[in-house]
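**Student:** Residues in the sequence shown are numbered from 13 upward in steps of one, following our numbering.
Positions of the beta carbon are idealized from the N, C-alpha and C atoms, including for glycine.
It should be emphasised that the depicted structure is a prediction, and the values quoted were computed from it without experimental measurement.
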Amino acid sequence: MAFEVIASCIKGLEEISQLEIKELTKQKSEVLIPSRIKFKLKEDKDLANFIYNTRSSIKIYKLISNLKFTDLNDILKKLESIKFPKIKSPFVVRCDRTGEHSFNSIDIEKELGNIINKDNKLKVDLKNPTTIVLVDIINNDCLVGIDYTGIKLTRRHYRIKLLPNPLNSCLAYCMLRIANVKEKDAILDPICRSGEIPIEAALYLQNIPNGLRLIEQLSFTKLIKFKPKDKIKVRKLKIYAIDSSQNSLRAAEINSKIANINKNLIFSRYEIEWLDTKFKKGVIDKVVTFPQYPTNTLPKQEVESIYKELFYQVEFILSTKGNITVLTPCPELIEKYANDYKFIKEKEYKIEYMHQNFSILKFKKIKEIAKK
Numbered sequence: 013m014a015f016e017v018i019a020s021c022i023k024g025l026e027e028i029s030q031l032e033i034k035e036l037t038k039q040k041s042e043v044l045i046p047s048r049i050k051f052k053l054k055e056d057k058d059l060a061n062f063i064y065n066t067r068s069s070i071k072i073y074k075l076i077s078n079l080k081f082t083d084l085n086d087i088l089k090k091l092e093s094i095k096f097p098k099i100k101s102p103f104v105v106r107c108d109r110t111g112e113h114s115f116n117s118i119d120i121e122k123e124l125g126n127i128i129n130k131d132n133k134l135k136v137d138l139k140n141p142t143t144i145v146l147v148d149i150i151n152n153d154c155l156v157g158i159d160y161t162g163i164k165l166t167r168r169h170y171r172i173k174l175l176p177n178p179l180n181s182c183l184a185y186c187m188l189r190i191a192n193v194k195e196k197d198a199i200l201d202p203i204c205r206s207g208e209i210p211i212e213a214a215l216y217l218q219n220i221p222n223g224l225r226l227i228e229q230l231s232f233t234k235l236i237k238f239k240p241k242d243k244i245k246v247r248k249l250k251i252y253a254i255d256s257s258q259n260s261l262r263a264a265e266i267n268s269k270i271a272n273i274n275k276n277l278i279f280s281r282y283e284i285e286w287l288d289t290k291f292k293k294g295v296i297d298k299v300v301t302f303p304q305y306p307t308n309t310l311p312k313q314e315v316e317s318i319y320k321e322l323f324y325q326v327e328f329i330l331s332t333k334g335n336i337t338v339l340t341p342c343p344e345l346i347e348k349y350a351n352d353y354k355f356i357k358e359k360e361y362k363i364e365y366m367h368q369n370f371s372i373l374k375f376k377k378i379k380e381i382a383k384k
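1. Whole alpha helix (DSSP H) runs in the stretch 181-248 with 4 or more residues, listed along the chain?
2. Give every residue of the same chain whose Cβ lies closer than 8 Å to the Cβ of residue 352, excluding the five residues on either side of it in the sequence, and list them in chain order.
3. Excluding the five sequence neighbours on either side, which residues of its own chain have a C-beta within less than 6 Å of the C-beta of residue 7, listed in chain order?
4. In chain order, which beta strand (DSSP E) runs of at least 3 residues are fully inside the stretch 95-131?
5. Residue 73 by DSSP, collapsed to three states: which one?
6. Is it buried or exposed for residue 281, if we count other Cβ within 10 angstroms and need 16 for buried?
7. Given that a residue counts as buried once 16 or more other Cβ atoms are within 10 Å of its Cβ, and exposed if not, what is residue 135?
8. In the structure shown, what three-state DSSP assignment does residue 384 receive?
9. Can you tell me where the beta strand (DSSP E) holding residue 253 begins and where it ends?
10. Tell me the residue span of the beta strand (DSSP E) that contains residue 361.
11. Taking 9 Å as the threshold (C-beta atoms), are residue 356 and residue 378 in contact?
12. Buried or exposed for residue 367, going by 16 or more other Cβ atoms inside 10 Å?
13. By the 10 Å Cβ neighbour count, where 16 or more other Cβ atoms means buried, how is residue 294 classified, buried or exposed?
14. With distances taken Cα to Cα, identify the nearest neighbour of residue 330 among 300, 141, 210.
15. Would you decide whether residue 116 is buried or exposed? Buried here means 16 or more other CB atoms lie within 10 Å of its CB.
16. What residue range does the beta strand (DSSP E) around residue 333 cover?
17. Would residue 225 pass as a contact of residue 260 if the rule is Cβ separation under 9 Å?
18. Do you know whose CA, among 68, 20, 53, 51, lies nearest residue 32's CA?
19. Which first and last residues belong to the alpha helix (DSSP H) in which residue 37 is found?
20. Output the distance between the C-alpha atoms of residue 20 and residue 51, rounded to the nearest integer angstrom.
21. Would you kindly work out how many angstroms separate the C-alpha atoms of residue 137 and residue 143, rounded to a whole number?
22. Taking the alpha carbon of residue 236 as the reference point, which residue from 36, 56, 30, 24 has its own alpha carbon closest?
23. Please report the residue range of the alpha helix (DSSP H) in which residue 62 lies.
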């Protein structure tokens, strides 16, 4: 019998998650509310396979009920009316909550736990439950389901050596999909930090599942019999991880070794202004990067100098049909220098990242747009 599934994702990047859902499950999906995507599956093994392979999802759960509420009394009354499926013991109730409410997550967990276990026939285990009942509250929407992930899927096993302000690996993957990277592309991150973008590119292009090294931590293994059918494709890739900081390069190299894809990456220490001495004209197909932005310790004038040099260099090394995809909290500055060097914005995704408004901007050369 078919059942409904919710995949939570980065708000603003639902389009990328829906693309991945279609690729992995062959199913259509809909945005139920921002950052929550609903789709249907027929068998538990399909759910396990999706969780094992998804790169853009944060959490996955079977949907039991979709509620609207006004206050604590209203939500408790509606939770009490839910017909829950058979719960395998031991269990726990967990509440994820976004928005302003007059109650906290512990209130919901305690009350729903009492509702589910009113006959005291189930054991509760806060540390190692078999079943996780998830109450997913976003403003005045309440989605209730069985959590089949247990952990946040943004976790990556390779992220051991991190630097200040690291890039979320799930977001790095989404940026690569926006850039539409392909196996034969020459891909460059000229400000690679701790390596998330080039590492995610190598994992994606070789079809190495995110769940390969996380499977023991995924809660679906306690509920579903699942034997992965990995279809890893060892490929010769051209992925360049470049940074001006030796600390960043060292972190990226360590993380890539843990991910077991270090042989697929080409590491170099270069200042942005020297990229045209490393690469010939038009040899790079995709540039995907997260450049610096103005902070208390990095003045706007210095950042503008970086952006100016970045687009000056990329205009030279990028192929005619290539593109550059940038994550930034100051899209107006990025767009200014992109336009100065004959790039035109093809797409923009507005997201919230690190409690701040960010944009992912994708640019193509103006002459390539004109040809179309």
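**Tutor:** Taking the structure as given:
1. Correct list: 181-191, 208-217.
2. Within the sequence shown, residue 352 is the residue found at index 340, counting from 1. Taken in chain order, the residues that qualify are 320, 323.
3. Because the chain here runs from 13 to 384, residue 7 falls outside it and cannot be looked at.
4. Runs found: 103-110.
5. Numbered from its first residue, the sequence shown carries residue 73 at position 61. DSSP, read as helix, strand or coil, puts residue 73 in strand.
6. By one-based count along the sequence shown, residue 281 stands at place 269. Around the beta carbon of residue 281, a 10 Å sphere encloses fewer than 16 other beta carbons of the protein chains shown; the residue is thus reported as exposed.
7. Here the question's residue 135 lines up with position 123 in the sequence shown. Exposed, because fewer than 16 other Cβ atoms sit within 10 Å of the Cβ of residue 135.
8. Residue numbering aside, residue 384 sits at position 372 when the sequence shown is read from its first letter. Its pLDDT being 44, under 50, residue 384 is placed unreliably by the model, and the measurement read from it follows with that caveat. The answer is coil: DSSP assigns residue 384 none of H, G, I, E or B.
9. Taking the sequence shown and counting its residues from 1, the one referred to as residue 253 is at position 241. Taken as a continuous stretch (DSSP letters only), the beta strand (DSSP E) holding residue 253 covers 250-255.
10. Counting from 1 along the sequence shown, the entry for residue 361 is found at position 349. DSSP places residue 361 in the uninterrupted beta strand (DSSP E) bounded by 355-365.
11. Taking the sequence shown and counting its residues from 1, one reaches residue 378 at position 366. Taking the sequence shown and counting its residues from 1, one reaches residue 356 at position 344. Yes, the pair counts as a contact, with Cβ atoms nearer than the cut-off.
12. Stepping through the sequence shown from its first residue, residue 367 is reached at position 355. Around the C-beta of residue 367, fewer than 16 other C-beta atoms lie within 10 Å, and the residue is accordingly described as exposed.
13. Looking up residue 294 in the sequence shown gives position 282. Residue environment for residue 294: exposed (fewer than 16 other C-beta atoms within 10 angstroms of its C-beta).
14. By one-based count along the sequence shown, residue 330 stands at place 318. Ranking 300, 141, 210 by Cα distance to residue 330 puts 300 first.
15. Position 104 of the sequence shown, counted from the first residue, corresponds to residue 116. With fewer than 16 Cβ atoms within 10 Å of its Cβ, residue 116 is classed as exposed.
16. Your numbering for residue 333 matches position 321 in the sequence shown. Here the beta strand (DSSP E) through residue 333 covers 330-340.
17. Residue numbering aside, residue 225 sits at position 213 when the sequence shown is read from its first letter. Residue numbering aside, residue 260 sits at position 248 when the sequence shown is read from its first letter. By the CB criterion at 9 Å, residue 225 and residue 260 fall outside the cutoff.
18. The residue you call residue 32 lines up with position 20 of the sequence shown. Of the listed residues, the one whose Cα sits closest to residue 32 is 68.
19. Translated into the one-based positions of the sequence shown, residue 37 becomes position 25. Per DSSP, the unbroken alpha helix (DSSP H) holding residue 37 starts and ends at 26-37.
20. As a working note, residue 20 is residue 8 in the sequence shown. As a working note, residue 51 is residue 39 in the sequence shown. Cα to Cα, residue 20 sits roughly 11 Å from residue 51.
21. Taking the sequence shown and counting its residues from 1, the one referred to as residue 137 is at position 125. Taking the sequence shown and counting its residues from 1, the one referred to as residue 143 is at position 131. Residue 137 and residue 143 have their C-alpha atoms roughly 9 Å apart.
22. Mapped onto the sequence shown, residue 236 falls at position 224. Nearest to residue 236 by C-alpha distance, out of 36, 56, 30, 24, is 56.
23. For this step, residue 62 is matched to residue 50 along the sequence shown. Its alpha helix (DSSP H) spans residues 56-65.
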